[in-house]
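A.B. asks:
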Amino acid sequence: MEKSIIKVKSMSFSYNNQPVFNNFDLDIYPKTFVSIIGRNGSGKSTLAKILIGLYEAYGYITIDGYLLNNFYLKKIRRSFSVCFDNADDHFIGETVRDDLAFTLENLEYSPDEIKNAISSIAKKFKIENILDKGPESLNNSEKEKVALASSLIHNPKILLLDEMIHKLNQTDKKLVFKILKEYQEEGLTIILITHNLEDTLFSDRIIVLEQGKIIMDGPKEEVYADDKLEKLGFNLPFIVKLSHNLKLYNLIDKIYFDEKEISDKLWN
Ligand code: ADP
């Protein structure tokens, strides 16, 4: 099996003697798109904060081959980009352009490289028209696109999105997932932490956390074929519910993730 790009082994973490993780193991493989879901309080945010080095846990964690500790944190940050839920907090520059330049300036890109990278990412995210605007004049969807664009502008190897894409409007959401898929094809590993199961439909693997433990883990097709998620009280994505219902009537034989595929199957 391919070597993990993120490896967590025997990790334990407590808040003031309140254990959240106890001997927790997790392997994330390169170039995969993994969703981590779980009910409130299951440990999703804590895990994200541990992985980015904000909270120190016991155990063994490596990211892109580096042991997660203060010594390697700067190196890890080059390849590991993180986007948290409050897009306002991501904004550092006075304008979108300054904001996008910020990471690259820190990484000592030349002015020409910065100019080219900004124009290329702005085109991808369709934010060319707001490059000279300040954060106060952007809507929430634009702010989230800018936050994502700045996280991706230096081509990291891993992107962690923690409850990040909820303020995108439908058009931008489609665009963002298309862009994420393209980055994945070029080698990006994506970890999406979310409570909205609709957002997991683009991932390959789904991990379900419950009280600091992994209770389900597998390809999206397998996790959604199981009725355990529904029994646990999760609100399944519409397309998955539809597939389950049609399967019940023997109209289809597996879970589909694309409405067009279902209608082709039903009418052909
Ligand atoms: P999730 O992101 O899945 O909602 P969290 O990681 O926020 O879960 O929480 C996991 C557990 O840790 C919960 O029992 C929560 O009450 C507790 N917790 C989270 N943050 C803190 C904190 N800052 N101090 C003490 N307990 C916390």
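Counting from 1 along the sequence shown, just add 150 to a position and that's the residue number in the numbering used here.
Just so you know, even glycine gets a beta-carbon here, dropped at the ideal spot from N, CA and C.
Let me check one thing: in DSSP terms, what residues is Asp-312 bridge-paired to?
C.D. replies: Your numbering for residue 312 matches position 162 in the sequence shown. Beta-bridge pairing links Asp-312 to Ile-343.
A.B. asks: Return helix, strand or coil for Gln-168, following the three-state DSSP convention.
C.D. replies: The residue labelled residue 168 in the question sits at position 18 within the sequence shown. Strand, per DSSP.
A.B. asks: Please tell me whether Leu-325 and Lys-276 are closer than 8 Å, where the distance is taken between their beta carbons.
C.D. replies: Translated into the one-based positions of the sequence shown, residue 325 becomes position 175. Translated into the one-based positions of the sequence shown, residue 276 becomes position 126. Result yes, Cβ atoms of Leu-325 and Lys-276 sit closer than 8 Å.
A.B. asks: Taking Leu-309 and Ser-301 to be in contact with their CB atoms under 8 Å, please state how far apart those CB atoms are, rounded to whole angstroms.
C.D. replies: The residue you call residue 309 lines up with position 159 of the sequence shown. The residue you call residue 301 lines up with position 151 of the sequence shown. Yes, Leu-309 and Ser-301 are in contact; Cβ-Cβ is about 6 Å, under 8 Å.
A.B. asks: Measuring alpha carbon to alpha carbon, tell me which of Ile-389, Ile-226, Asp-262 ends up nearest Ile-412.
C.D. replies: Translated into positions along the sequence shown, residue 412 becomes position 262. Ranking the options by Cα distance to Ile-412, first place goes to Ile-389.
A.B. asks: So which of Arg-355, Leu-342, Gly-215, Arg-247 has the shortest CA-CA distance to Glu-278?
C.D. replies: The residue labelled residue 278 in the question sits at position 128 within the sequence shown. The shortest C-alpha separation from Glu-278 is found at Arg-247.
A.B. asks: Report the option in Leu-311, Ile-178, Ser-269 whose CA atom is closest to the CA atom of Gly-215.
C.D. replies: Looking up residue 215 in the sequence shown gives position 65. That would be Ile-178, whose Cα lies nearest to the Cα of Gly-215.
A.B. asks: Please give me, in chain order, every unbroken run of the beta strand (DSSP E) with length at least 3 that falls completely inside the segment 260-337.
C.D. replies: Correct list: 308-312.
A.B. asks: Counting C-beta neighbours from all protein chains within 10 Å, is the total for Lys-370 16 or more, i.e. buried, or is it exposed?
C.D. replies: Counting from one through the sequence shown, the residue named residue 370 turns up at place 220. Buried, because 16 or more other Cβ atoms sit within 10 Å of the Cβ of Lys-370.
A.B. asks: My parser needs the alpha helix (DSSP H) runs of 4 or more residues fully inside the segment 200-255; what are they?
C.D. replies: Those alpha helix (DSSP H) runs which fall completely within the segment 200-255 and span 4+ residues are 223-229, 237-240.
A.B. asks: Identify whether Ser-192 lies in helix, strand or coil by the three-state DSSP scheme.
C.D. replies: The sequence position of residue 192 within the sequence shown is 42, counting from 1. Reduced to three states, the DSSP call for Ser-192 is coil.
A.B. asks: Does at least one heavy atom of the ligand ADP sit under 7 Å from the Cβ of Val-232?
C.D. replies: Position 82 of the sequence shown holds residue 232. Checking every heavy atom of the ligand ADP against the Cβ of Val-232, none is found closer than 7 Å.
A.B. asks: What do you reckon, are the CB atoms on Ile-405 and Tyr-374 nearer than 8 Å?
C.D. replies: Taking the first residue of the sequence shown as position 1, residue 405 is located at position 255. Taking the first residue of the sequence shown as position 1, residue 374 is located at position 224. Yes, the pair counts as a contact, with Cβ atoms nearer than the cut-off.
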